[in-house]
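The structure appears right after this line, and notes come after that.
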Amino acid sequence: MKSLSNQATDLELSEEEEDYEKHSLMGITENYLPTFISSGNPCLDFFFHVVPDTSPGDLIRRLELAWAHNSLTALKLICNLRGVRGTGKSDKEGFYTASFWLHHYHPKTLAGNVKDS
1 MKSLSNQATD LELSEEEEDY EKHSLMGITE NYLPTFISSG NPCLDFFFHV VPDTSPGDLI
61 RRLELAWAHN SLTALKLICN LRGVRGTGKS DKEGFYTASF WLHHYHPKTL AGNVKDS
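In full-length UniProt numbering, the protein residues as written are 1 to 117.
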């Protein structure tokens, strides 16, 4: 039996719940093979699933989950989208989408991380 600890509550998962938790992260590939849909860590999922052709809606959904999980890491992942010359994903559109989201929901965080000219 696996134990989940949280500041608010402690939960004990039964074997059936552990199985469900494990299989709920599973999916099927194009070749009909089992695969993990999610790592269970929203920041890691953002890093691997947000690529230059990711829709703005999917990017924002993943960004919201990553931000709720760890805002500092999510901020670093936003910057990684724009990185060029081997320092990031060179995803200009994704970076702008994430930056507009940041401007709308966390303007002080954006302002505090913009370099002065």
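Idealized CB from N, CA, C, for every residue including glycine.
Review point. Residues in its own chain within less than 8 Å of residue 27 by CB, not counting five upstream and five downstream?
Key: Here the question's residue 27 lines up with position 27 in the sequence shown. Exclusion of the five residues before and after residue 27 leaves 34, 35, 36 and 37 as the residues of its chain whose Cβ lies within less than 8 Å of its Cβ.
Review point. Thinking C-beta only, is residue 60 closer than 9 Å to residue 111?
Key: As a working mapping, residue 111 is identified with position 111 in the sequence shown. As a working mapping, residue 60 is identified with position 60 in the sequence shown. Not a contact, by the Cβ cut-off of 9 Å.
Exercise for review: Hey, could you find the ends of the alpha helix (DSSP H) residue 27 is sitting in?
Suggested key: Residue numbering aside, residue 27 sits at position 27 when the sequence shown is read from its first letter. Segment 26-28 is the beta strand (DSSP E) holding residue 27; no alpha helix (DSSP H) there.
Exercise for review: Assign residue 35 to one of three DSSP states: helix, strand, or coil.
Suggested key: Taking the first residue of the sequence shown as position 1, residue 35 is located at position 35. Reduced to three states, the DSSP call for residue 35 is strand.
**Study point:** residue 82 beta carbon less than 9 Å from that of residue 76
**Key:** Within the sequence shown, numbered from 1, the residue matching residue 76 stands at position 76. Within the sequence shown, numbered from 1, the residue matching residue 82 stands at position 82. Not in contact: residue 76 and residue 82 (Cβ atoms no closer than 9 Å).
Review point. Where does residue 58 land, buried or exposed, given buried means 16+ other C-beta within 10 angstroms?
Key: Along the sequence shown, one-based indexing puts residue 58 at 58. Looking at its Cβ environment, which holds fewer than 16 other Cβ atoms inside 10 Å, residue 58 is exposed.
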